[in-house]
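Student: Under my numbering, think of the first position of the sequence shown as 5, with each following residue one higher.
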Amino acid sequence: MKLNTAHVRYLSPDDWRVLTAVELGSKNHEVVPTPLISHLSSLHGSISRSISTLAKAGLIAKVKNTTYDGYRLTYGGLDYLSLHSLIKKNMVFSISQTPLGVGKESDVYVVATPPNLHLTQAVLKIHRLGRISFRSVKRSRDYLDNNRIFKSSWQQLSRLSAAREASFMTALYNHNFPVPKLISQNRHTLLMTLHRAPPLRNLQNCPDIPGLWARLMELLVRLGQHGLVHGDFNEFNLLCYEGTTEVVVIDFPQMVSVDHPNAREMWERDLEGLKRWFQRRWGWVVDEKTLPRWEKDVLKVIRMRGPARLDALVDATGFSKKQLKELEKAIRDQRGEDGEGANAGDEDEDEEEDEEEEEEEEGEVVAGQSAEDDATEAMKLLDITKDKIEFVPL
């Protein structure tokens with residue numbers, strides 16, 4: 005599902021109340037009965053006009069083969085509710101036409117912010133767990149059956165993913181890690197500061213490769229000493245300013261505690277992945293003797309009661325073990341065999357995702373926009389360091 009903001013400015017107050025009612029009803033109903041929507045919206049009179057408007061815009065969808073008349077909230081509807089809240093809080097007023105990144109688990113856009121935030125632009129990250137490609141389905145035909153074990157819906161898991169990433173980002177920022185500053189979290193979206201630096205994989209100029217490597221190893225070890233393993237510490241999730249060794253770390257939903265059963269494996273995988281990438285990209289071979297070690301450089305410092313344990317700080321924010329187990333499995337299954345959470349820009353995969361969603365979620369395609377056009381549209385991503393950003397008013 006691609007973000008389409010064409011209707012944000014034209015929904016009436018009644019439309020927003022009905023959309024909010026569907027969201028409220030979704031807490032206990034996969035398909036919200038129409039009478040319940042009417043009750044929760046507290047509108048006097050018929051809600052049929054608003055229902056029709058929202059359905060045509062792809063914000064709610066009627067589900068076939070149900071025993072009662074009702075609607076479910078689509079990801080588009082959840083997007084609109086989040087944007088509406090941010091607009092009402094005077095945090096955003098326009099959004100980039102072209103996404104900054106499109107991955108398996110999230111979409112990222114640049115937004116223009118009002119003067120009260122003392123920023124001209126910021127980043128809006130929209131979590132979208134549950135989006136898979138045809139190739140993923142073919143690899144695992146029982147994918148959907150297996151995911152029925154989830155007690156939460158994909159939208160609920162996306163909210164949880166956003167909330168957890170917000171907690172990690174705040175804790176890391178407050179402890180002087182080079183990460184974006186969180187401005188706001190609303191539902192499944194995060195609003196954060198914008199860094200005009202390309203991902204490491206797109207870096208054109210690096211005069212000090214050994215210095216950059218040393219900086220990355222320092223961050224990897226320091227994260228571990230604070231009780232955290234990134235789990236996706238790679239060229240996609242490391243922003244680097246051209247001509248410097250200044251790095252910004254992004255993407256935290258998959259981050260785990262060093263106490264996690266797979267923590268060492270994930271940490272060493274991050275290390276080996278970066279080592280291979282540096283050799284492939286720049287032909288730079290790392291001296292094995294200089295590599296950091298899990299036991300010596302991470303666990304030993306933790307046992308000596310070193311830096312503050314940020315994993316304990318985040319765990320104290322109210323996430324249950326059951327929720328985290330569901331989220332961890334969702335992210336793991338989402339990534340499938342590829343293991344790359346932020347491989348934005350794969351046009352074929354994006355097109356297949358769109359086709360699958362259109363087949364499985366009839367009624368979500370915006371009126372006047374054919375499924376074929378949506379599926380075959382090439383996905384151009386925004387280069388934050390070069391491209392002029394064209395904004396759409398909200």
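A virtual CB, placed ideally from N, CA and C, is assigned to each residue, including glycine. No experiment lies behind these values; they were computed from the predicted model shown.
Is the distance from the Cβ of Gly235 to the Cβ of Gln258 below 9 Å?
Tutor: Yes, the pair counts as a contact, with Cβ atoms nearer than the cut-off.
Student: Out of Pro118, Leu220, Tyr113, Thr124, which one is the CA nearest neighbour of Val239?
Tutor: This sequence places Glu at residue 239; Val is not what is there. Measuring from the Cα of Glu239, the nearest candidate turns out to be Leu220.
Student: Out of curiosity, what's the CA-to-CA distance linking Ala61 and Val22?
Tutor: Near 13 Å, if we compare the C-alpha coordinates of Val22 and Ala61.
Student: Quick one, are the C-beta atoms of Phe282 and Ser98 less than 9 Å apart?
Tutor: The answer is no: Cβ separation not under 9 Å.
Student: Answer yes if the region 313-320 comes into contact with the region 259-270, meaning at least three C-beta pairs across the two stretches below 8 Å, and no otherwise.
Tutor: Yes: at least three Cβ pairs fall under 8 Å.
Student: Just reading off the alpha helix (DSSP H) that Arg163 is part of, what are its end residues?
Tutor: Run containing Arg163: 158-178, per the alpha helix (DSSP H) assignment.
Student: Here's a check: name, in chain order, each residue in its chain whose Cβ is nearer than 8 Å to the Cβ of Ala412, leaving out the five neighbours to either side.
Tutor: Outside the shown range of the chain, which is 5 to 398, sits residue 412, and nothing can be said about it.
Student: CA-CA distance, Tyr245 and Ser56?
Tutor: If you take the alpha carbons of Tyr245 and Ser56, they lie about 48 Å apart.
Student: Taking three-plus beta-carbon pairs below 8 Å as touching, is the region 260-280 in contact with the region 195-203?
Tutor: Touching, no, given that fewer than three Cβ pairs across the two stretches are closer than 8 Å.
Student: Looking at Pro184: is its Cβ nearer than 9 Å to the Cβ of Val127?
Tutor: A contact, by the Cβ cut-off of 9 Å.
Student: Going by other Cβ atoms of all chains shown within 10 Å of its Cβ, with 16 needed for buried, is Leu295 buried or exposed?
Tutor: Answer is exposed; the Cβ neighbour count stays below 16.
Student: So Ile388 is in the beta strand (DSSP E); what residue range does that whole segment cover?
Tutor: Taken as a continuous stretch (DSSP letters only), Ile388 belongs to no beta strand (DSSP E), as it is neither H nor E.
Student: So Thr193 and Ser86 are in contact, right, with Cβ under 8 Å, and what is the actual spacing, rounded?
Tutor: That pair is a contact at about 4 Å.
Student: Return yes when the Cβ of Asp255 is within less than 9 Å of the Cβ of Asn241, no when it is not.
Tutor: Contact: yes.
Student: Give me the DSSP bridge partner(s) of Val112.
Tutor: In DSSP, Val112 forms a bridge with Gly105, Lys129.
Student: Output the distance between the C-alpha atoms of Asn190 and His179, rounded to the nearest integer angstrom.
Tutor: Approximately 23 Å between the Cα atoms of the pair.
Student: Which residues in the same chain as Ser110 place their Cβ atom closer than 7 Å to its Cβ, once the five residues preceding and following it in sequence are excluded?
Tutor: For Ser110, where only same-chain residues beyond five positions count, the Cβ hits under 7 Å are Lys129, Ile130, His131, Arg132.
Student: Should Val251 and Leu204 be called a contact, given that it needs their Cβ atoms to be closer than 9 Å?
Tutor: Contact: yes.
Student: Can the beta-carbon of Trp298 be found closer than 9 Å to that of Glu276?
Tutor: No, Cβ-Cβ distance for Trp298 and Glu276 is not below 9 Å.
Student: Could you check what DSSP says for Pro397 in three-state terms: helix, strand or coil?
Tutor: Strand at Pro397.
Student: To the nearest angstrom, how far is the alpha carbon of Thr24 from that of Ser54?
Tutor: Cα-Cα distance, rounded: 12 Å.
Student: With distance defined between alpha-carbon atoms, name the residue in Ala166, Asn206, Ser46, Ser162 nearest to Lys390.
Tutor: Comparing Cα positions, the closest option is Asn206.
Student: Here's the rule: buried if 16 or more other CB atoms are within 10 angstroms of the residue's CB, otherwise exposed. What is Arg13?
Tutor: The residue is exposed, with fewer than 16 neighbouring Cβ atoms inside 10 Å.
Student: Leaving out the 5 sequence neighbours to the left and right, which residues in its chain are closer than 8 Å to Ala175 when beta-carbon positions are compared?
Tutor: The residues are Leu314, Leu317, Val318.
Student: Quick check on Val330: buried or exposed, where buried means 16 or more other Cβ atoms within 10 Å of its Cβ?
Tutor: Just to set this straight, residue 330 is Glu in the shown sequence, not Val. Glu330 should be labelled buried.
Student: Comparing alpha-carbon positions, which option in Lys108, Gln125, Lys293, Tyr177 lies nearest Arg336?
Tutor: The option with the nearest alpha carbon to Arg336 is Lys108.
Student: Is His43 buried or exposed, if buried means 16 or more other CB atoms sit within 10 Å of its CB?
Tutor: When all chains shown are included, His43 counts as exposed.
Student: What's the call for Glu169, buried or exposed, on a 16-neighbour Cβ count within 10 Å?
Tutor: Buried is the call here.
Student: So Gln159 and Leu243 are in contact, right, with Cβ under 8 Å, and what is the actual spacing, rounded?
Tutor: Actually they do not touch by this definition, with Cβ atoms about 28 Å apart.
Student: Report the partner residues of Val252 according to the DSSP bridge assignment.
Tutor: According to DSSP, Val252 bridges with Leu243.
Student: Nearest CA to the CA of Ser165: which residue from Gly134, Trp286, Val290?
Tutor: Ranking the options by Cα distance to Ser165, first place goes to Gly134.
Student: Suppose the cutoff is 7 Å on Cβ atoms and the five residues either side in sequence are ignored; what does the same chain contact list for Tyr84 look like?
Tutor: Hits under 7 Å: Val12, Leu23, Leu63.
Student: Return the first residue and the last residue of the alpha helix (DSSP H) that Leu303 is part of.
Tutor: Careful: Leu303 lies outside any alpha helix (DSSP H) and carries neither H nor E.
Student: For Val115 and Ile91, I'd like the C-alpha separation in whole angstroms.
Tutor: Roughly 11 Å between the two C-alpha positions.
Student: Counting only the same chain and skipping the five closest in sequence on each side, list residues whose C-beta sits under 7 Å from that of Gly29.
Tutor: Closer than 7 Å at the Cβ level, and outside the excluded window around Gly29, lie Val36, Leu40, Ile41, Leu44.
Student: Less than 9 Å between the C-beta atoms of Leu82 and Ser171, yes or no?
Tutor: No. Outside cutoff.
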